[in-house]
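Residue numbers (our numbering), protein chains in the order written: chain D, -10 to 356; chain V, -10 to 356; chain C, 1077 to 1480; chain P, 1077 to 1480.
Positions of the beta carbon are idealized from the N, C-alpha and C atoms, including for glycine.
Notes for the one structure printed next.
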Amino acid sequence: MEFALSEEQVLLKDNVDRLLAEQAPLERIRSYADGSEPGIAHMLWHQLCDLGIGLLLIPEAADGLGLTVLDAALVAESLGSAVAPAPVLGSGIVAPYLLAEVPDAGDALAALAAGELRVGLALSELAGAREDSGVVAHNGKLNGRSLHVLDFDEQSAYLVADGKRQLYLVDPQAAGLSGRSLTTIDRTRATGELSFSDTPARLLTTDPDLCARTLALARIALAADSLGAASTMLSAAVEYAKQREQFNRPIASFQAVKHMCAEMAAALEPCRAMVWYAAHKLDEREADAVMMACHTKAHIADVGKRLAKTATEVHGGMGFTDLLGLHYWFKRIGFNRQTLGTPAQLRREAAIAQGFIDNTAQNSATA
Amino acid sequence: MEFALSEEQVLLKDNVDRLLAEQAPLERIRSYADGSEPGIAHMLWHQLCDLGIGLLLIPEAADGLGLTVLDAALVAESLGSAVAPAPVLGSGIVAPYLLAEVPDAGDALAALAAGELRVGLALSELAGAREDSGVVAHNGKLNGRSLHVLDFDEQSAYLVADGKRQLYLVDPQAAGLSGRSLTTIDRTRATGELSFSDTPARLLTTDPDLCARTLALARIALAADSLGAASTMLSAAVEYAKQREQFNRPIASFQAVKHMCAEMAAALEPCRAMVWYAAHKLDEREADAVMMACHTKAHIADVGKRLAKTATEVHGGMGFTDLLGLHYWFKRIGFNRQTLGTPAQLRREAAIAQGFIDNTAQNSATA
Amino acid sequence: MDLNYGPEYDAFRAELRSFLDTHGHEAPKGNNNPKAPASLAWQRKLIEHGYTARTIPSAYGGAGREPDILKARIIAEEFARARVAAGLGGQGISMLVPTLLEMGTEEQRVRFIEPTIRGEMIWCQGYSEPGAGSDLAALKTRAELDGDEWVINGQKIWTSTAHIADWMFCLVRTEPEAPKHEGISFLLLEMATPGLEVRPLVDMTGSANFNEVFFTDVRVPKDQIVGRRGEGWRVANSILGNERDSLGNPNATLTRFHALKALMERETVDGQRLIDDPVLLDRLMAVQGKVLAMSANDLRVLSAKVNKTSGGGANDTRLARMIIKLEGTELRHELEGLAIDVLGELGLAYGDNPLLRDGGSWQAQYMYFLGLIIGGGTSQIQKNIISERGLGMPKEPKFPTARS
Amino acid sequence: MDLNYGPEYDAFRAELRSFLDTHGHEAPKGNNNPKAPASLAWQRKLIEHGYTARTIPSAYGGAGREPDILKARIIAEEFARARVAAGLGGQGISMLVPTLLEMGTEEQRVRFIEPTIRGEMIWCQGYSEPGAGSDLAALKTRAELDGDEWVINGQKIWTSTAHIADWMFCLVRTEPEAPKHEGISFLLLEMATPGLEVRPLVDMTGSANFNEVFFTDVRVPKDQIVGRRGEGWRVANSILGNERDSLGNPNATLTRFHALKALMERETVDGQRLIDDPVLLDRLMAVQGKVLAMSANDLRVLSAKVNKTSGGGANDTRLARMIIKLEGTELRHELEGLAIDVLGELGLAYGDNPLLRDGGSWQAQYMYFLGLIIGGGTSQIQKNIISERGLGMPKEPKFPTARS
C-alpha cells in the first residue's frame, strides 16, 4: 500500500517547478498579462514539451509516455503554483486523454505527439448554457456559441461539447467558425468565445462515460491548479508575515496572524491528498471517480476562495497592490472556481452521480 | 426620529431583568430543569404578571396595557438572557396579540386579562409537517397530531394551527384530545405533543394575514429570546476570559481569545437593532413585516449558533461541563433555532413574501 | 420608536426635491474634471443653498447652518435618489476642514477652508507609509527644521487623490528622540513643491486607486503646521474616527443587494432564472438578512447621534458603531462574491470583455472591498479595538524589547 | 500510488474474517461490565490470536508481533465491519503501556502491563486540573516525599474513566522550586488509596463522561514513579501525541456521513424526502466533500507511517498529521449539527423522547464533539502548534512577568 508520490513523480514535479521558476518568474507573468509578450505562453508550452509534458498522457503505443492522471495533476499543480500562462490543459491533458480512447483518432493523437496539434477547449456547455450560448449539432455541423473557451490562443483545433454531451474536434479554419478573445480577471489564461454557423466538426465520441471522465479530468486539473496557486499564496503569506514588522515585532508573532495562517494550512493540506485521490480514482476508473472529481474541484474552490482572501489580508495593503503581484494567484484561483462548474453545481452533480437524487426530479437551474 | 428604547421600555426591561435575577437564578433553573421544582415556571409567570407582563399586548379597551410588539420582544429578550422557564410566549405574547384581533373573542381576551387563561402553542404545522404529524380540520373538529407544542404544561387552552393555516382554540379537556410531554435538549421549556381525534375546536381565524402576523410575532419573540441568551453567553465568555489565567496571564489578553469575543460581539450587536426593527415593522403593520420577521429569526439563529459554540470554547473545558450551567443558554439558542422554522425555511419564506419567487414554482421540501 | 423624521424634515425634503427638480440638470455628469467650471459652479450653488459644506461657518465660506444629522442624511438620500452629483467630498473636505476648525489657527482657517469647500483646492492625505500601516505611529518620514522651513524626506503610500491634489496634509516625524506617538507633527504642503514626486499605485483591480508619494528635501514654510510640534498624533486622531464610519455603509450595500437580485432575475442557465435556483436563492437571502441587520444597526446609530443619546444599556451605541467597518466591509465583499458565483464563467469577464455584466462592477468591487477590509484599519485591528474598547478586554502584554 | 494492501494482507484479512465468523458470537455485546468473565475471556482470546495488544512483547503478556500499521488498520476495519467488540482500549492500554515500555522499570513492566492489557487492571489518566488546561504544565497537585511514600494533595479533572478505574497514572508537582516544566513527576497509584475521592462530572450532554478526582493526603509508595523525579513532563510527552491522532478520526466521520444521508432519505416534510431539498442537499454534499478530503488526508498519513516515509516536499506528512484533530473535530461537529437542522423541531428531541431519531445521537454527538474541539488541546492550541511547528512561525513573545 502506498499513497504517496513515486520518486519519478517527485522528479517530474521538481523538473517542472524548476523550469517554471527559471522561465516564468513574476516579471514574465506580468509581461504576458499586460500583453507585451504574448509569445511567452507558447514558449513555455514548448519548453514543457521538451520535458515531455506534451507526451504525458499519450499512450506508449502512440509514442507517448503513457503516464497517469496523477502525473498530469502534478503538472497542473506546478502551473498553478507559478501562475504560468502555459496552455497545457487542452493540449497536454484533456486532448491526449480523450483522443487516446477515441477509435480512429490515431491521426490526431499522432499530431499531438508530434507537437503539431494544439487544442483549445470549448466545454462550457457541459456546465450549463448561459443565455445566448449553447451549441447544437445537426448532421455533423455545429451551430451556436461557446462562451468560455479555454486555451483560446493560437490553437490548431478546438475540442467542442454540444448540448447532448457529445464531443467534437473543430478546425479553426472551418467554415462558419468565428471567434474572439475575451478578457477575464485572470490575465495568465487566454480565454475567448467561439461562434458556430453550420460549422463542420469531427465527431469524436457520443460515449457519455468517456465524456464524463474527460470532464472529470479537466476538473481535477483545475483543482490541482488551484491547489498549487493556494499553496504559493500560503507560503507567501507566511514568509511575508515573518519579514514584515509592525509594533516592533514580526507580524508572524501575533496570534491573530498565526491563526489565520494555521487555518489556511489546516484547510489546504488535505486538498493535496484529495487531488491525488481523485486522480488515482480516475486512473483506476473506479466507479466513484466522477463524483470524486466533482467534490475535489468544489471543495478546493471553497478552500481556495477563503485562502486567497486570507493570504491577501496577511499581506496587508501590499497584498492589495500590484507591487507583489499576489493578485495573479488570487485571480487564478478565482478563475478556476468559476470554470467548468461552480461549487454548488458540482456538489449537485456529485449527488446525482451517487444516485442520492434523481437527475430530473428537481427544477433547479444550477444548484 | 427616534430608533431607540423609550424610558418606559428601558424601565420595563430593567424590571423584568431584576425580577428574573432574583427569582430565576441558576440554581432555580437547575431545579426546574432536573424536574425537582416543576412549579417554578408558573410561579415566574405569576410574578411576571404582577409586573403587568400578562397585560402587555392586551388592548387598553380590554383592560390591558395596549403596549407594542417591541415591548413584548424586550420581555422575550430578558427571558432568554436568564434562560427563564416562564411560559410567556403563549399566554403573554402570541395569544393576546391574536385574540385582540379576533372578533367575538372578547371572552377569551377577558379571561387572559384576568389571568384565567393560559395558552400553549401548537403551531408547528405552519413550519411544515413532519412524517406522522399534521392537523386537519373538518366540520369544526380536528384530527391529526402536532409534534412540537410550546408552553405545553398546565395550560387551559391550546392555540392550534391546521394545514390550511387556520387557527383554533382547543380546550385541554376536549373530547379526543390526548397529549404527552416530550423531552428536548432545552429543559427550560415545556414541550409536548398533542393528538386530535375528532376533537372539537373553536375556529379563531381564517384570515391569512392575521395568521402570518401571529406567526411573525412568535418568530420575533423567539429571535429576541436568542438575542438575550446570546448576549448573556457573550458577557459570560468575556468575564470568564478576564478571570481565567493560563500561561500566567488572563486568557482575555490572548489575541485569539480577544478576536473570538470581538467576532461574537460584531455579529451579535446588529441583531439587537434587527429585533427592534422587526418588532417596529410589525407594530406599524408595514408591508414587509412578515419578511423582516423571517429574516430576523433566521439571521439570529445563524449568529446564535456560531456564538453559542464560540462562547463555549472561550470557557474551555468548563464550558462543556454542567458546572457553570452555560449549556442551558447553548441549548436555549438551539431550541429557538429549530422552532417554527429553520433558517433555510425562513429565508425561503422571506423570498416568497417579497415575491422574489413563486410559492409553487419549486419542488423544494423546506429550503 | 418613531422612524418618521417629522414635519420640519418633511418640508426640508420637499424643498430639496424641488431644488433638484429645478436645478438638477446643472449638475456635472459622470467623472468629469472636478475643476471644470460647471463643477465649481454647481458646488458654489450647493453651498449657497446649504446642501453642502452645510455646517461650515459662513466666515470661512460655508453655509453656516446648525449641525443636523437628519438633514444631512436627507441630503444624501435625495441626491442619490435623483442621481444628481452631490456636494464634493474628498479628504480635504471630510478630514482636513474639521481638523482646521478644531485645531487650526485663524489664519489657516481663513486661508484654506473656503477654497477647499469650494472645490478649488483639492487635498490628499499623507499618513500611511510602507513600514507604517497598522502601526501608523511607527511612521518614519521626517521633517527637520532648517531656518524658516521644514525639510521633508521619506515616503507616503495609499494617498488616494495625490495625482489630482493641490495640497497634502501629512504626518511627519519631527522629534526623532521623543516617544513614538509624541514625535509626530501635522504639516500642510503644496503638491507642486520641488522634490515631491507622485507615482500611481496600481492595485489588484488593475486601476490606480491610490498613489505613492516620495519626498526628497521637500521644503515647507515653518508655519504650515497644525497644532504644535509633536502634537500631530493628537491632531490626526481628533478626526480619524470619522473615516472608518464611512467604510461599509449599509445604504450602499442595500443598493448593491438590489442590483444583485436584479441580476439573478435577469441571468439564466439552461433557460432558468438564477433566482429560481434554491441554493443561490438561499445565499441571496442570507445576504439580505445580513444587510437588514446592518441597516437596522445603522438606524440605531443614527438615532443616537440625532438624539445625542449617551444612555447605557440597550441605548448605548458605542459597540454598534465600532463594528460597522468590520462587518460592513466583510458583508459587501461577500455580496459581490456571490454575484460572481451567480454569473458562473461569465463572472470572470473583466476589462473590455463585451460579455461584461453591470460594467464589470462585481469583480471590481469584490476586489476593492477586499482592499477596504484591509485599509482604514485591517479587520485584525478592528477586532483589537472591539475587544479592548468595546468589551473591555486587556491589551496584549507589551513585547519586552518594544520601544514604546 | 497503490491502494491495494497486497497478498500478505489480503490473507491476513481473510484469516481475520474467518476468525470473526467462527468466534464473533463469543464477544461481549453492548456496554457491559468490562470485567465480566465473558469480556475478559474475549480479550484473552484476542491477545492469543494477535488481534489486540499485538505488538506488546510476549514477556509482558502481549501477542509479541512485529508492528504493522496495515494489519492494525485491517483489524480495526474488520471488527467494525462485523460489529464485533474489538480489543480493549482505554488510557491504560493506549497511553500507559507504551509509556512503561519506553520509560518504565523492568519491575513496573512486569507488574502492570499484563493485567492492563488483559483488561483486569483499568487505568485513568490524571493530567488536567481546573487551573491547568491549555497550560498543562501549570499543574499544582503536589506530592511530597514523606519517608518511603509520596503524599499527594490537590485535584484532577477530566479523568474520563476514574469511576471504573483500579489505578491512575498522573502528573504531580514534586519540585516546587524548579522551573514549571521541570518540577513534575509521573506517579502511579491505586484508586482505592485512602484520601482519594472521585466525583462524576456531568457535562452538557447530561451524562458524566468525565470525573473530578480529589486528593487529600493520598499516600503512594515511593517507587511508583515512572522516570525520575522532575522528569514527568518528558515521560508524559513521550506519548501525548498519540492521543490527539485519534480525535477526529475520518473513518468514524464517514460512518456518520452515511447515517446522515440515510436520515435525509428517511425523513420527510410535507411528504417530501429531505434529501430532495436542494439547500439541505447542498450542505450535505459540502460535508461529504470535507469528509472525502479528510479521508484522503488520512490515507496519505497512513501511507507515510506504513512506508516510514520521511521525505520532504509533497511526501512530508507532518502538517497533514498535525491538522487532523482541528479539522476532524470541527467537521464532525458541523456534520452532527446539519443533522439537527435536517430534523427541524424533531432535532430537539432528547433523553426519553419517544420521537428520538437514531437514539438521540445527533444532539449528543453535536455537543460531545464541541467538547472534543475543546479537549485534547483546544482549537486555539492546535492553531498555535500548526503555525509554530507546521509553518515555522515564531512563538508569541513571552509575557515579561511570566515565571517561565
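Whether residue i touches residue j by CB criterion (8 Å)
i	j	result
A290(V)	F319(V)	no
M1340(C)	V1418(C)	yes
G1365(C)	R336(V)	yes
G79(V)	L148(V)	yes
G109(V)	L131(V)	no
L166(D)	E182(D)	no
Y1426(P)	G1435(P)	no
A99(V)	A150(V)	no
A282(D)	V1355(C)	no
A287(V)	L223(V)	no
P1113(P)	I1198(P)	no
L1061(P)	H284(D)	A question about residue 1061(P) goes unanswered here, because the residues of chain P that appear run from 1077 up to 1480.
V1289(P)	T1235(P)	yes
Bridge partners - residue i, DSSP secondary structure assignment
i	result
L132(D)	The amino acid occupying residue 132(D) in the given sequence is Asn; Leu does not appear at that position. DSSP lists V125(D) as partners of N132(D).
E1273(C)	F1290(C)
P1297(C)	E1225(C)
I1302(P)	It is Val, not Ile, that sits at residue 1302(P) in the sequence shown. Answer by DSSP bridge pairing, in chain order: F1262(P).
C1246(C)	G1202(C), L1263(C)
Q235(D)	R238(D)
L1177(C)	Answer is none; L1177(C) lacks a bridge partner.
F(-8)(V)	DSSP output for F(-8)(V) lists no bridge partner at all.
R191(V)	L158(V)
Between the CA atoms of residue j and residue i - distance to the nearest angstrom
i	j	result
I346(D)	G152(D)	22 Å
K2(V)	L216(V)	14 Å
E66(V)	K1232(P)	38 Å
I82(D)	A205(D)	11 Å
G308(V)	L1414(P)	22 Å
L8(D)	E234(V)	53 Å
N128(V)	R202(V)	25 Å
L1164(C)	D1428(C)	30 Å
S1134(C)	I1123(C)	10 Å
T1269(C)	T1128(C)	30 Å
D60(D)	G1106(P)	48 Å
T1131(P)	E1464(P)	33 Å
7 Å CB neighbourhood of residue i in its chain, flanking five on each side removed
i	result
M1443(P)	M1280, T1281
I1315(P)	M1171, P1174, T1175
Close Cβ partners of residue i (< 6 Å) along its chain, the five nearest in sequence each way excluded
i	result
S1480(P)	With a pLDDT of 37 at S1480(P), under the threshold of 50, the modelled position of that residue is not reliable, and the figure given next carries that caveat. Closer than 6 Å at Cβ, skipping near neighbours: P1255, K1256.
G55(V)	P48, E49
Nearest-angstrom Cβ-Cβ length linking residue i and residue j, presumed shorter than 8 Å
i	j	result
I1169(C)	Y1136(C)	Between Y1136(C) and I1169(C) the Cβ distance is about 12 Å, and since that is not below 8 Å, they are no contact.
I174(V)	F(-8)(V)	That pair is no contact at about 35 Å.
A179(D)	A22(D)	With a Cβ gap of about 11 Å, A179(D) and A22(D) do not count as contacting.
Own chain, CB closer than 8 Å to residue i, minus 5 neighbours either side, in chain order
i	result
R1408(P)	G1324, A1328, T1329, R1332, Q1441, F1445, L1448
A51(D)	A89, G95, L98, A99, A102
Contact test: residue i Cβ vs the ligand PLP heavy atom, cutoff 7 Å
i	result
D187(V)	As far as ligands go, the structure on display features none, and thus does not contain the ligand PLP.
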